[in-house]
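Here the protein sequences line up with chains H and C, keeping their order.
Converting from the first sequence to the numbering used here requires adding 31 to each position, the first position being numbered 1.
Converting from the second sequence to the numbering used here requires adding 36 to each position, the first position being numbered 1.
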Amino acid sequence: DQQVKQNSPSLSVQEGRISILNCDYTNSMFDYFLWYKKYPAEGPTFLISISSIKDKNEDGRFTVFLNKSAKHLSLHIVPSQPGDSAVYFCAANPSNTGNQFYFGTGTSLTVIP
Amino acid sequence: DTGVSQDPRHKITKRGQNVTFRCDPISEHNRLYWYRQTLGQGPEFLTYFQNEAQLEKSRLLSDRFSAERPKGSFSTLEIQRTEQGDSAMYLCASSLAGGARETQYFGPGTRLLVL
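Have a look at this one:
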């Protein structure tokens with residue numbers, strides 16, 4: 032059963048505009064969330080994380096928002112650049128079971144020049 | 037390059053053969069993870085080590101799969117009697133335990149094709 036869901040398999044955005052990638056989760060024990068970016072033929076690269084004690088974390092062009100009551104998080108990329116074109120995975124870590132990360136199925140972002 | 041490395045990057049084998057993959061983590065990292073990723077899916081956890089101790093195993097890890105980390109540094113993942121359903125990307129990640137919540141850093145993966 033998929034505990035972390037990314038319901039949009041793909042997203043296209045014009046260069047310079049905002050990209051918003053969404054992620055929903057079902058397990059209320061998840062308290063740490065991460066976003067990874069993956070290029071073809073490479074492993075996932077860590078992008079940004081957020082703990083459940085926060086509702087926002089920002090790093091340069093990347094901001095992650097967490098809505099605990101809705102069990103929803105989103106990644107905002109502003110402004111989007113062609114080099115941001117990749118598959119983005121949301122991952123979650125529960126507080127009660129070791130260090131297993133649960134990943135979503137990914138959203139393929141294409142930034143159009 | 038001080039990132040996570042995996043070898044080989046690609047492996048093609050015939051059904052029923054055994055295969056072994058190697059992962060070298062970031063040198064100061066004491067935790068090492070194995071994940072499997074199939075097409076259209078995110079990485080799925082298989083197992084993890086803290087130093088040389090294997091602390092968690094997923095139910096996805098059938099008895100044909102075995103992982104070791106004998107000296108707490110590199111790790112191997114062996115699949116015995118491979119099946120076509122084992123075809124996937126096998127990802128290794130490492131992290132440093134302690135303090136704030138950890139971040140796992142991934143290697144490039146080993147893509148396995150079982151014919």
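Every residue, glycine too, gets a C-beta built ideally from N, C-alpha and C.
Closer than 7 Å by beta-carbon distance: list the chain H residues that pair up with Q140(C), in chain order.
Residues of chain H passing the Cβ test: F132.
With respect to the beta strand (DSSP E) encompassing M125(C), which residues constitute its N-terminal and C-terminal limits?
Note, M125(C): beta strand (DSSP E), A124 to S131.
So which residues on chain H does F110(C) lean against when the C-beta distance must stay under 9 Å?
Those within 9 Å of F110(C) in chain H number zero; the least Cβ separation is about 16 Å.
Among the residues of its own chain, which have a CB less than 8 Å from the CB of F110(C), if the five just before and after it don't count?
So the qualifying residues of the chain are R58, C59, D60 and P61.
Scan the segment 71-100 of chain C for residues whose Cβ lies nearer than 9 Å to a Cβ of chain H and list them as they occur along the chain.
Correct list: Y71, Q73, G76, Q77, G78, P79, E80, F81, Y84, Q86, L91, E92 and S94.
Would L127(C) count as contacting chain H if we go by Cβ distances under 8 Å?
By this cut-off, L127(C) is an interface position.
I need the straight-line Cα distance from V40(C) to Q140(C), nearest angstrom please.
Looking at the two C-alpha atoms, the distance is approximately 10 Å.
For E138(C), count neighbouring C-beta atoms within 10 Å of its own C-beta (all shown protein chains included) and say buried if the count is 16 or more, exposed if not.
Label assigned to E138(C): buried.
On a CA-only basis, which of I84(H), I51(H), D55(H) and G47(H) is nearest L140(H)? Give me that one, please.
Of the candidates I84(H), I51(H), D55(H) and G47(H), the one whose C-alpha sits nearest the C-alpha of L140(H) is I51(H).
Run down chain C in chain order and give the residues with a C-beta less than 9 Å from the C-beta of F120(H).
Chain C residues near F120(H): G78 and P79.
How about Y63(H): is its C-beta nearer than 8 Å to some C-beta of chain C?
Answer yes: the Cβ-Cβ gap between Y63(H) and chain C drops below 8 Å somewhere.
Relative to the C-alpha of G143(C), which residue among S126(H), E89(H), N53(H) and Y67(H) is closest?
For the residues S126(H), E89(H), N53(H) and Y67(H), the minimum Cα distance to G143(C) belongs to Y67(H).
Could you give the distance in angstroms between the alpha-carbon of L75(C) and the alpha-carbon of Q116(C)?
Near 22 Å, if we compare the C-alpha coordinates of Q116(C) and L75(C).
Excluding five sequence neighbours on each side, which residues of the same chain lie with their C-beta closer than 6 Å to the C-beta of L149(C)?
Answer for L149(C): I48 and S123, listed in chain order.
For F61(H), which option in I49(H), P113(H), K69(H) and S80(H) has the closest C-alpha, if you only look at C-alpha atoms?
The candidate whose alpha carbon is nearest that of F61(H) is S80(H).
Using a Cβ cut-off of 7 Å, pull out every chain H residue sitting near G143(C), in sequence order please.
Correct list: G74.
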